[in-house]
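Mapped onto numbering that gives the first Met the number 0, the consecutive letters of the sequence shown carry residue numbers 0 to 399.
One structure is given below, encoded as structure tokens.
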Amino acid sequence: MNEKKFNQIALVVYMLLALIFVQKLSLVILSIEWVDYFKLENFSTIDDMKNFYINLRTGVSPVLSFFEISEFLLTGKNDFIRFYFSRAVIILNFIFAAYLFGSTKSKSYRLIISIPIVYGVSLIGGMNYDWYWPFFTLLFLFFLKISENKNRYVGVIIFFSGAFLSFAELSRPFVILTLPFFILYAHKKLRAKNKKKLFIIFLLPIFIFSGGWRVKLFSYNSPQIIWSDYGGCNLFEAWPGVGYKVPYSYINTDEGAKLCKEGKEKVLKHMISNPGETVIVSFKKIWSFMKSKANWHGMKEGVKVNFLYRLILKILFFIFVISGFQLLYKLLRNPKLFLREDSLIKVPIYMYFLFLAILNDGSERARFIVSFSPFLIMLSNFETFEGIFEKVKSKMRLKS
């Protein structure tokens, strides 16, 4: 079988099985339904929507909730975003993750290995932003990639690339910490293709959407760079022996923001004062995250995730972490490598990994793994597997 035919078969098999598996997706919690604080039933007019955004300062994604509320106002329900589009996003996440980087062969291997992960992701479900923020990040990379060889409408393509990066940032609060790396990556890519003048077009939607939301926060709420005032509470609640659960009744209030800020400062002070404990707890959290146990407090009772899903994730995490230590060693030896294109992609992804692992308190681990799995597929060094696949294919040819 030639390589082209193998790649075509891999894509067809993936699409057929993924379309079947995503029908298992039944547990989808919208961004607006986060901690069940806001109710879609309370939105009946555009003014309701306007007042909601004027007062919003907490962990509801501004961009996702806009689409959710808009669909509800137009149709009275959320079936399209909750199920149909969510299923499409899950399928597309792994196609983008498989095809964006790597050799032609490794792309097909990535796609094949993604099939059990799609099944597991569909069984687990979760908050819809668990698959939307990777989706927006991958779309940013995809549009930036296709802009390299497009002269017609290249400005529009680059604008969309910047817009999707902004959407990713407005989907999860911690993404802003990785934004400088992605922006610098975009600048280097455009400069390499003699399109540096178009960089301002890339930045424009980031200023409009991400910058515009900060202007809103500073004007109507409080000076906060990270768009969710609950971000500190996540760290506060996840660190053992220091934090406690902040009541949801405090969400979206000055008192809640104050508690979360104080909690975050308390944990950070504790971590700095106890470096040995910080290292041990961090490694325990990372190890717990890598074990890929499929449980979270929102899952329906009795949901089981297949053995293959967990096995593949464990292998991918192992490769990912080994590659991470290799990257760290290279960067420490030569800090200038930080500015290489591959480093500007890998470093923020490893930052995502650390954020999710540290915030993992066990109750939402499965959700966090679901959201990170496309990045595992994208960055894992699948050339490691090429020799194995080649041997299997050779034996199959000999038998035939």
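C-beta atoms are modelled at their ideal positions from N, C-alpha and C, and glycine is treated no differently.
Identified DSSP bridge partners for residue 125: 27
Check whether residue 202 and residue 161 have beta carbons under 8 angstroms apart: yes
Proximity of residue 127 and residue 63 at Cβ, strictly below 8 angstroms: yes
Cβ-based neighbour list, residue 419, same chain, cut-off 8 angstroms, excluding 5 preceding and 5 following: Here the chain has residues from 0 to 399 only, and residue 419 is not among them.
Separation of residue 138 from residue 166, as counted between CA atoms: 10 angstroms
Residue 18 burial status per 10 Å Cβ neighbour count (16 or more: buried): exposed
Residue 118 to residue 287 span [Cα, whole Å]: 22 angstroms
Residue 221 versus residue 327 - alpha carbon distance: 37 angstroms
Any 3 or more C-beta pairs closer than 8 angstroms across the stretch 315 to 335 and the stretch 257 to 264: no
The stretch 334 to 343 in contact with the stretch 269 to 282 per 3-pair CB rule at 8 angstroms: no
Limits of the alpha helix (DSSP H) - the one that residue 238 falls within: From DSSP, residue 238 is part of no alpha helix (DSSP H); its letter is neither H nor E.
Per-residue burial, residue 27 [other beta carbons within 10 Å of its own, 16 or more giving buried]: buried
Nearest neighbour of residue 250, chosen from 211, 25, 188 and 34 [CA to CA]: 34
Cβ neighbour criterion (16 or more within 10 Å) applied to residue 94: buried
Start-end ranges of the alpha helix (DSSP H) lying completely within the stretch 47 to 105, minimum 4 residues: 61 to 74 and 85 to 98
Presumed contact (8 angstroms Cβ cut-off) between residue 228 and residue 256, rounded CB distance: 4 angstroms
Distance between beta carbons of residue 130 and residue 77, contact taken as under 8 angstroms: About 16 angstroms separates the two Cβ atoms, so there is no contact after all.
Best match in 7, 210 and 322 for proximity to residue 107 [C-alpha to C-alpha]: 7
Pairwise C-alpha distance: residue 226 and residue 57: 7 angstroms
For residue 121 and residue 97, believed in contact at Cβ under 8 angstroms, the rounded distance: Incorrect: roughly 17 angstroms between the Cβ atoms, too far for contact.
Reference residue 239; option with closest CA among 276, 5 and 318: 276
DSSP-derived helix/strand/coil call for residue 226: coil
Residue 172 versus residue 1 - alpha carbon distance: 45 angstroms
Residues near residue 233 by beta carbon distance below 7 angstroms, same chain, minus five either side: 358
Residue 277: first and last residue of the uninterrupted alpha helix (DSSP H) it sits in: 274 to 289
Test item: CB-CB of residue 319 and residue 258 under 8 angstroms: no
Beta-carbon contacts of residue 103 that lie in its chain and below 8 angstroms, excluding the five residues immediately before and after: 2 and 6
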